[in-house]
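Once you know that position 140 of the sequence shown is 139 in numbering that gives the first Met the number 0, the rest is easy, because the numbers rise by one and skip nothing. Every residue, glycine too, gets a C-beta built ideally from N, C-alpha and C. What follows is a short report on a single structure.
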Amino acid sequence: MGPALVTPYALTVDAGGRELRAADHLLHALAAELALPEDVFGCTHLVRGERPRVVLSLALPSEPLRRTALERLTGLGHEVLPGVPDPVGRAVLYPGVTSLTGTLTVADVLSRSAIDRVTVLGTADRPGPGTPLATRDHVRPQWQDGALVLTAMPAAGGILVPFEVPDPTSCCADH
């Protein structure tokens, strides 16, 4: 589990949503509503089982902020639980996320954000620090074995792009 996810000030928010895109928007709205600092981690987590859904986690830096968030989120009608639902959250809010715009080198991504490493889909080799990564202004790393990892894939022109696309098209969009 990542260091941000083991904080005693973490909360899980179950708003009953089923889509990642809506969960991303809700995390951003909650961050604005609660005036959360930039060192907060906000993640999405897929819950399977009888009632599949996407829940959110917030890893907050202090008890007063956790208490305030708990009160306000409960007041907004959300189910709020202590801790995080699992150790593999998909990070939407994290330190440095706002600086990951345009095309950056892998070294820039690592130095400007909380991302610990970049991997390339389909290969065991890590990209070199000078490898360009076109962020598409949508960088969603995931917690893996205690590290925040961005999975990228090769794109035209020898650059990388994050594996997750900003505006996915559903499989039956034209039906």
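Would you tell me roughly how many angstroms separate the C-alpha atoms of A133 and L35, rounded to the nearest one?
As a first step, residue 133 is located in the sequence shown; it is residue number 134 there, counting from the start. As a first step, residue 35 is located in the sequence shown; it is residue number 36 there, counting from the start. The straight-line gap from Cα to Cα measures roughly 27 angstroms.
Counting along the chain, where does the alpha helix (DSSP H) carrying G74 start and finish?
Along the sequence shown, read from residue 1 onward, the residue named residue 74 stands at position 75. G74 -> alpha helix (DSSP H) spans E62 to G74.
Can you tell me the Cα-Cα spacing of T67 and F162, whole angstroms?
Translated into the one-based positions of the sequence shown, residue 67 becomes position 68. Translated into the one-based positions of the sequence shown, residue 162 becomes position 163. C-alpha separation (whole angstroms): 35 angstroms.
According to DSSP, is V83 helix, strand or coil?
Here residue 83 corresponds to residue number 84 of the sequence shown, with the count starting at 1. V83: coil per DSSP, three-state reduction.
List the endpoints of the continuous alpha helix (DSSP H) containing H27.
Stepping through the sequence shown from its first residue, residue 27 is reached at position 28. Taken as a continuous stretch (DSSP letters only), the alpha helix (DSSP H) holding H27 covers L19 to E32.
Looking at C-alpha atoms only, which residue of L120, L80 and L59 is the closest neighbour of V12?
Working through the sequence shown from its first residue, we reach residue 12 at position 13. Minimum Cα distance to V12 is reached at L80.
So, is H44 buried or exposed, given that buried needs 16 or more other C-beta atoms within 10 angstroms?
Translated into the one-based positions of the sequence shown, residue 44 becomes position 45. Buried, because 16 or more other Cβ atoms sit within 10 Å of the Cβ of H44.
Reference D107; option with closest CA among Q141, G127 and A146:
As a position in the sequence shown, residue 107 is number 108, starting the count at 1. That would be G127, whose Cα lies nearest to the Cα of D107.
Tell me where the beta strand (DSSP E) around L103 begins and ends.
The residue you call residue 103 lines up with position 104 of the sequence shown. Here the beta strand (DSSP E) through L103 covers T102 to T104.
Is it the case that the region 104-119 contacts the region 59-73, given that we only count it when at least three CB pairs across the two stretches are under 8 angstroms?
no
V164, buried or exposed, once every other Cβ within 10 Å from all chains shown has been counted against 16
Looking up residue 164 in the sequence shown gives position 165. V164 comes out exposed.
In the DSSP assignment, find the beta strand (DSSP E) that holds L120 and state where it starts and stops.
On the sequence shown, residue 120 is found 121 positions in, with the first residue counted as 1. No beta strand (DSSP E) holds L120; DSSP gives it neither H nor E.
Option in D124, A146, L19 and P7 with minimal Cα separation from S61:
For the purposes of this step, residue 61 is taken as residue 62 along the sequence shown, with counting starting at 1. With distances taken between Cα atoms, S61 lies closest to P7.
Using a Cβ-Cβ cut-off of 7 angstroms (strictly less than) and excluding sequence neighbours within five positions of D115, which residues of its own chain qualify?
As a first step, residue 115 is located in the sequence shown; it is residue number 116 there, counting from the start. A146, L147 and V148, listed in sequence order.
DSSP beta-bridge partners of D136:
The count along the sequence shown starts at 1 and reaches residue 136 at position 137. Answer by DSSP bridge pairing: none, since D136 is not bridged.
Assign V108 to one of three DSSP states: helix, strand, or coil.
Here residue 108 refers to the residue found at position 109 when the sequence shown is read from its first residue. DSSP places V108 in helix when its eight states are reduced to three.
Could you tell me which residues DSSP puts in a beta bridge with D13?
As a position in the sequence shown, residue 13 is number 14, starting the count at 1. BP columns for D13 point to E78.
Leaving out the 5 sequence neighbours to the left and right, which residues in its chain are closer than 7 angstroms to R139 when beta-carbon positions are compared?
In the sequence shown, the residue the question calls residue 139 occupies position 140. Excluding positions up to five away in sequence, the list reads R89, A90, V91, P161 and E163.
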